[in-house]
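J.: Following the UniProt record's numbering, the numbering of the sequence shown begins with 1 at its first residue and continues without gaps.
Beta carbons are placed, not taken as given, at the ideal position from N, Cα and C, and that holds for glycine.
These figures come from a predicted structure and were not determined experimentally.
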Amino acid sequence: MIERIDELFADNGLLSKHISGYTSRIQQLEMARQVGEALTHGDILIAEAGTGTGKTFAYLAPAMLSGQKVFISTGTKNLQDQLFNKDLPKLREVLSVPLKTALLKGRSNYLCHHRLGLAESEPGQQYHQHTLQTLREWSGKTTTGDLSETDLLDENSPLWPKVTSTVDNCLGQQCPQYDECFIVEARRKAQEADIVVVNHHLLMSDMALKSSGQGEVLPDADAYIIDEAHQLPAIASQFLGHRVSSHQIQELSRDSIREMEAEATDMNDIRSAAEQLDNRLHQFNLSLGEHEQRVPWQTVLEKSQDIIEKLNILLESLEKLEIQLDAAAERGRGLEQCHQRSQDLIERLSLFQQNEQTELVLWLDNRSSSFILHATPQEVSQYFQSWIKDKPQAWIFTSATLTVAGKFNNFTHQLGLEDPVTASWQSPFDYGKQSLLYMPTIPVEPSHPNYNSHVAEVAKSVIEHSQGRIFLLFTSYKAMHEVAEALKESDYPVLVQGSGAKTQLLEEFRSHGNAILLGTNSFWEGVDVRGEALSCVLIDKIPFASPGDPVLEARINDLKERGGNPFRTIQIPAAVIQLKQGIGRLIRDTHDSGVLVLCDPRFLSKPYGKVFMRSLPPMPISQNIEDVERFFTSHT
């Protein structure tokens, strides 16, 4: 395999005309060799590959040449589509190897024939009849049922959950349209494929199912390649815990009535119990209040005794419905499934009646008219460790941001990885010539009430020289909106996160060519704007996670009790990774140039600032706005 890799990545190799000019062939070849060795020997490899190293081809080519069944997991569905629809076909053409590839997403991405039929017959859908009819027509033409292939439904459409299935409401082999099921077909293709492209949410969901003995989503594989691996610990924690949402309870009530009307019309007690459950759910929802918050469950209980009483009443209603469904379960698969769902909800909801300490962090995510109760593990390392021991295949973790001050310790600790092979390739871009780091003098700390107005003044002075063409990245919505208000009279188009879909805002930003875009978390990574349209990135402050986050708060308290230093061990490493992601938006190829603006004075005034500075690309640094002006003049 190594000889073939050398042929591919040589300067005049088979891939030469397909590789972007900014890619370092030496780095790409080294990484491809390392991935090939890991696949051959079943190693755990952690590979940090900076922007421009060409890591996608560097792991795809060895995977395709290995002769193994390889799962490739990406951070987002957009990256999945890019890998499957662009990168893999390009490499398959070059390599001329006979292999099958498959794309597999979570079930909520696929149209469900059965659920579509239920939605069409549901009362009150007259406003959506045209969309439903168009979806019905599309379902007869599509070969995959992947809703990302059509723009008929917006991601936030109320129809989306009605025409897709969940683990709870899928009828499985007893579905009348099982033979036409898009998910079954997608999984069959994944079973037969050599290379399967999934995303982290699906991979972690499968691992959580397997570890709990409740089945599986994915077939076994010989090797796993995890791209954007820095996201994995947070995503894993979502699937290792339990959650109960108001939507799940509402859906159970609705489905119980519908299945009763279809399969057991003589058992009207099901309707009564379901309607009572809906009423009790509404009362419990009211007791939580309308204030949107993410807060520890214990804090919620301490504020109001009424909440635990309403929770107990809600559970009693759920148990009454479970009794009725138990008696009706033999009437049909739909009622049997509703019974199983009610039992599962009772078990999960009962966790929030308990006061004793557990390894799970109990917390509430409250929305204006809905809620989700979470039971999340503090750490995922022990779970991941056991997964890897159960699957002693090759594991390759890669991302542009895995190290903190040049070390992999934080990432290996989070996933409990023992004795991995590690390698790092820095970005091949010439940051010394292509960029400038501007660190303005702000006379107050970020906690000062006037800090955001200082950031706004810095932004105005920089924008004057950059002539728009800037991302302003914030750590909070409050700061973003305050600075947006200060910039609203700008001579350049101002785009603010929330005023449109992310893809729409990015398209507007590119097409304007001189716009100002203000964003928070979701704009810090996975955004690729090349060329002069993006020539400056301003970051308002060090991206420390909110200490009010319930899971983070629990981890911090636990480490304190064990005599550790959570600020150094947890908060700083996470902020470094987030910062590196934000900085990565600036220089995307060898023709890009730009100014990075770090406003936070703590980079220079606090001892821990050195950790962040050691993690930055090798940029020239200035505290003078005149240098910013000279940079843009010389790079225009």
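1) Can you list, in chain order, the residues of its chain whose CB lies under 6 Å from that of D278, leaving out five sequence neighbours each side?
2) Whose C-alpha, out of K478, M64, L505, is nearest the C-alpha of I2?
3) Can you give the Cα-Cα distance for E37 and S535, rounded to whole angstroms?
4) With DSSP collapsed to three states, give me the class of A423.
5) Can you tell me which residues form a DSSP beta bridge with A47?
6) According to DSSP, simplified to helix, strand and coil, what is V537?
7) What is the residue span of the alpha helix (DSSP H) that F9 lies within?
8) Taking the alpha carbon of I570 as the point to measure from, which residue in A456, E319, F544 has its own alpha carbon closest?
9) Along the chain, where does the alpha helix (DSSP H) containing Y383 start, and where does it finish?
10) So, are the CB atoms of Q414 and G50 less than 7 Å apart?
11) Leaving aside the five residues before and after V496 along the sequence, list all residues of the same chain whose C-beta is less than 6 Å from its C-beta, in chain order.
12) Give the straight-line distance between the Cα atoms of R4 and L88, rounded to the nearest whole angstrom.
13) Quick check on the DSSP output: the beta strand (DSSP E) that includes F371 runs from which residue to which?
14) Tell me the rounded alpha-carbon separation between Y431 and K90.
15) Report the CB separation of R469 from N521 in whole angstroms; it is logged as a contact under 8 Å.
16) Please identify the residue among E359, I226, N169 whose C-alpha is closest to the C-alpha of D344.
17) Can you give me the Cβ contacts of K502 inside the same chain, cut-off strictly under 7 Å, excluding the 5 residues immediately before and after it?
18) By the 10 Å Cβ neighbour count, where 16 or more other Cβ atoms means buried, how is N199 classified, buried or exposed?
19) Under 7 Å, do W138 and T150 count as touching if we go by C-beta distance?
20) Answer yes or no: do G241 and A375 have a C-beta to C-beta separation smaller than 7 Å?
21) So, with DSSP's three-state summary, where would you put N366?
22) Cα separation between G406 and R614?
23) First and last residue of the beta strand (DSSP E) that includes A102?
24) Roughly how many whole angstroms lie between the Cα atoms of H481 and L472?
25) How close, in whole Å, do the beta carbons of L104 and A221 come, if the pair is a contact with beta carbons under 8 Å?
26) Since P296 is in the beta strand (DSSP E), which residue starts that stretch and which ends it?
27) Assuming contact is defined by CB atoms lying nearer than 7 Å, are M439 and Q623 in contact in what I supplied?
28) I'd like the list of long-range same chain contacts for I249, defined as Cβ closer than 6 Å, with 5 residues on each side in sequence excluded.
29) Let me know if residue 637 comes out buried or exposed under the rule of 16 or more other beta-carbons within 10 Å of its beta-carbon.
T.: The answer reads as follows:
1) S253
2) M64
3) 39 Å
4) strand
5) A47 pairs with T398, A423.
6) strand
7) Here the alpha helix (DSSP H) through F9 covers 2-9.
8) Distance check between I570 and each of A456, E319, F544 places F544 closest, using alpha-carbon atoms only.
9) 381-390
10) no
11) A484, L518
12) 17 Å
13) 371-377
14) Linking Y431 to K90 through their CA atoms gives a straight-line distance of about 30 Å.
15) With a Cβ gap of about 22 Å, R469 and N521 do not count as contacting.
16) N169
17) Take K502, set aside five residues on each side of it, and the residues of its chain with a beta-carbon closer than 7 Å to its own are S522, in chain order.
18) buried
19) Contact: yes.
20) Yes, they are a contact pair.
21) strand
22) 8 Å
23) 101-103
24) 11 Å
25) Contact flag wrong, Cβ pair sits at about 12 Å.
26) 293-296
27) In contact: M439 and Q623 (Cβ atoms closer than 7 Å).
28) L281
29) Lying outside 1 to 636, the shown extent of the chain, residue 637 is not represented and no answer is given.
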